[in-house]
Amino acid sequence: MNYFDSKDLERFAEVGTFRKELMDKFFDYYGTVTGEDGALSKREKSLIALAVAHALKCPYCIDAYTTTCLENGSNPDQMTEAIHVAAAMAAGITLVHGTQMLGHLERAGAA
Amino acid sequence: MYQPDKILTSTLDLPVLQSASDLPYNFQQVVNKHHLNLSPLSIDTLQVNITKMCNQACLHCHVDASPKRTESMDLRTVNACLEILQNHPEIINLDITGGAPELNPHFDYLVIEAKKLGKHVMIRHNLTVTLEGHPTTSESKEYLPAFFAEHHVEVISSLPYYQEFFTDKQRGKGVFHKSIESALRLNSVGFGMPNSGLLFNLVYNPVGSFLPAPQANLEQDFKLELRTKYGIEFNHLFTMTNMPIHRFKDNLQRRGAFQDYMDKLLHAFNPTAAGGIMCRSLISVGYDGSLYDCDFNQMLDMNIHAGEKMTVFNFDAQKLLQRNILFASHCFGCTAGAGSSCGGTIS
Numbered sequence: 003m004n005y006f007d008s009k010d011l012e013r014f015a016e017v018g019t020f021r022k023e024l025m026d027k028f029f030d031y032y033g034t035v036t037g038e039d040g041a042l043s044k045r046e047k048s049l050i051a052l053a054v055a056h057a058l059k060c061p062y063c064i065d066a067y068t069t070t071c072l073e074n075g076s077n078p079d080q081m082t083e084a085i086h087v088a089a090a091m092a093a094g095i096t097l098v099h100g101t102q103m104l105g106h107l108e109r110a111g112a113a
Numbered sequence: 003m004y005q006p007d008k009i010l011t012s013t014l015d016l017p018v019l020q021s022a023s024d025l026p027y028n029f030q031q032v033v034n035k036h037h038l039n040l041s042p043l044s045i046d047t048l049q050v051n052i053t054k055m056c057n058q059a060c061l062h063c064h065v066d067a068s069p070k071r072t073e074s075m076d077l078r079t080v081n082a083c084l085e086i087l088q089n090h091p092e093i094i095n096l097d098i099t100g101g102a103p104e105l106n107p108h109f110d111y112l113v114i115e116a117k118k119l120g121k122h123v124m125i126r127h128n129l130t131v132t133l134e135g136h137p138t139t140s141e142s143k144e145y146l147p148a149f150f151a152e153h154h155v156e157v158i159s160s161l162p163y164y165q166e167f168f169t170d171k172q173r174g175k176g177v178f179h180k181s182i183e184s185a186l187r188l189n190s191v192g193f194g195m196p197n198s199g200l201l202f203n204l205v206y207n208p209v210g211s212f213l214p215a216p217q218a219n220l221e222q223d224f225k226l227e228l229r230t231k232y233g234i235e236f237n238h239l240f241t242m243t244n245m246p247i248h249r250f251k252d253n254l255q256r257r258g259a260f261q262d263y264m265d266k267l268l269h270a271f272n273p274t275a276a277g278g279i280m281c282r283s284l285i286s287v288g289y290d291g292s293l294y295d296c297d298f299n300q301m302l303d304m305n306i307h308a309g310e311k312m313t314v315f316n317f318d319a320q321k322l323l324q325r326n327i328l329f330a331s332h333c334f335g336c337t338a339g340a341g342s343s344c345g346g347t348i349s
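Chain order of the listed sequences is A and V.
FYI, the numbering for the first sequence is 3 to 113, going by my numbering.
FYI, the numbering for the second sequence is 3 to 349, going by my numbering.
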C-alpha cells in the first residue's frame with residue numbers, strides 16, 4: 003500500500019461525504035482565491051501555489067500545479083525559480099533561528 | 003491543495019469506458035449530451051495538404067511528416083484544386099499545408115495561380131526550410147521570404163516557445179536558432195512589420211501533455227521576449243492543442259499518459275468552442291485529391307463520403323454542405339478549454 007496515490011486526487015471532493023457544507027465552503031473559497039485573475043494573475047498565483055506545494059511537501063499539489071503553471075504560460079525556468087524561493091525561504095527560516103541559539107549561548111556565557 | 007474537476011465530472015455524463023484504447027472517448031455522445039448541432043455552415047477555406055515531406059520530424063506532428071516521406075500532390079490534382087477555387091467564389095481562403103508545403107515542386111505555381119484568382123493564401127511555413135532547403139535534393143529555399151512578400155501571402159509559422167529549450171525539445175536540436183534567423187529574414191522583407199500589410203503569425207502548441215495557456219497572455223509574452231532578445235516582430239500568436247493522434251499519441255502511450263491526456267481533453271470540453279470548430283467551414287484536401295473534414299481526419303484516412311468518396315475531381319459544394327461531419331475521439335482536442343483551430347483559440 004502506498005500512502006500517496008496520484009489517483010486519490012480525483013477523490014478529493016469525497017472528503018465532503020460528511021459535513022459537506024464545510025467542504026463546499028472550502029471549494030468555494032479555494033476556487034475564488036486560485037482560479038480567477040485578481041490583483042495577481044492566475045499565472046502568478048499558480049507559481050506561488052507551486053512553491054507552497056513544495057514547502058509543505060504535498061505530492062498531489064506538486065503534480066497538479068506543475069501542470070497548472072504550464073497551462074498558464076509559465077516555463078520550467080520560472081517554475082524552478084519559484085521553488086528556489088521556497089527553498090531559500092526555508093533555509094532562511096532555519097538559519098534565522100540561529101539568533102535564538104546565539105542568545106542562549108550568550109546567556110550561558112558560551113558566546 | 004488542488005481542486006479536482008468536481009463540477010464538470012458531476013454534471014457531465016461521461017462516456018462509458020469500452021476498451022483500453024481511445025474508443026471510450028465518444029465525441030458524438032458528448033455533443034448529443036449538450037444538444038449541439040455541428041453540421042457544416044459554409045466552405046470558406048480550402049485547406050490543401052500538398053506533401054507529407056518535411057525537413058523536420060517534430061515530436062507532436064499529426065502528419066508524421068519527415069524527410070523520408072514521399073507523398074506529394076501532382077500537377078493534375080493541384081490544377082483540380084485551382085479549378086475549385088475558380089468555380090467557387092465563396093471559398094475565399096486557400097490554406098496550404100504539409101509537411102513543409104514548399105517542398106512540393108508545384109508549390110510556387112499553386113501560390114501564384116491562387117493569388118491570380120484573388121484568394122487569400124495562407125502558408126503553413128515551418129521557418130527552417132528557408133535555411134535548410136530540400137532534404138533530398140538540397141535545392142535552396144532561401145528565395146522564400148521574397149517570394150512570399152511578392153505574392154502577399156499570409157505566413158503562419160510554428161514556434162513552440164520563445165525559448166530554445168521547449169522549441170528544440172519538440173522540433174529538434176538547433177531548430178530554435180534557425181527559426182529565429184528565418185523569422186528575422188521574414189521581418190526584413192516586411193512580414194510582421196507595422197503597416198506592411200504582410201501578415202506573419204506564429205503558432206504555439208504545448209511541449210507535452212497539457213493544454214495551451216490563454217492565447218492573449220502568451221502572445222504578450224512571445225512579443226516581449228522575441229522583440230527584446232531577438233528584435234523579431236510578428237502579428238498574432240495562435241495557440242493550438244496537441245492532437246492525440248499519430249506521433250503525439252505514440253509518445254503519450256509510451257509515457258503511459260494517453261488516458262490522462264484524453265481525460266483532460268474530455269473534462270475540458272467547451273460547448274461554445276465546439277460550435278466554432280473549423281470543420282464546419284473548411285474542406286481539407288489530401289495529396290491525392292481526397293476530401294476530408296479537417297487535416298486530422300485526413301491523417302486518419304477518414305474520407306468524406308457523400309454517396310461516393312469525395313475528391314477534388316467530383317467536388318460538389320452542395321453535397322459537401324449536406325454531409326455529416328465525421329467525428330472521433332481526437333475531436334476533443336479542438337473543443338478543450340478555449341478550443342483549438344488552425345487559426346488558434348476558438349472562444
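Where a beta carbon is used, it is the ideal one built from N, C-alpha and C, also for glycine.
- For residue 218 (chain V), no CB of chain A lies under 7 Å from its own CB, so it is not counted at the interface with that chain.
- The region 142-155 of chain V makes contact with the region 178-193 of chain V, as at least three CB pairs between them are under 8 Å.
- Separation of residue 88 (chain V) and residue 118 (chain V) (C-alpha to C-alpha, rounded to the nearest whole angstrom) is 10 Å.
- Contact annotation: the region 246-261 of chain V does not touch the region 273-290 of chain V, with fewer than three C-beta pairs closer than 8 Å.
- Shown in chain order are the members of the region 165-189 of chain V whose Cβ falls below 8 Å from a Cβ of chain A: 165, 167 and 168.
- Residues of the region 71-103 of chain A whose Cβ lies closer than 9 Å to any Cβ of chain V, in chain order: 72, 73, 74, 75, 76, 77, 78 and 79.
- At the C-beta level, residue 312 (chain V) and residue 293 (chain V) come within 7 Å of one another.
- Residue 122 (chain V): member of the beta strand (DSSP E) spanning 122-126, first to last residue.
- Per DSSP, the beta bridge partners of residue 205 (chain V) are V:160 and V:240.
- Residue 143 (chain V) sits buried, since 16 or more C-beta atoms from the chains shown fall within 10 Å of its C-beta.
- By DSSP's assignment, residue 55 (chain V) forms a beta bridge with V:68.
- Judged by their CB atoms, residue 172 (chain V) and residue 60 (chain V) are nearer to each other than the 7 Å cut-off.
- Under the Cβ criterion (8 Å, minimum of three pairs), the region 47-55 of chain V counts as touching the region 105-117 of chain V.
- Residue 311 (chain V) is bridged by DSSP to V:307.
- Residue-level contact by beta carbon holds for residue 212 (chain V) and chain A, with a gap shorter than 7 Å.
- A Cβ-Cβ contact shorter than 7 Å links residue 263 (chain V) with residue 211 (chain V).
- For residue 265 (chain V), the enclosing alpha helix (DSSP H) covers residues 260-269.
- A distance below 6 Å between beta-carbons, with the five flanking residues on each side excluded, links residue 70 (chain A) to the following residues of its chain, in chain order: 48.
- By the rule that beta-carbons nearer than 7 Å mark a contact, residue 69 (chain A) touches chain V.
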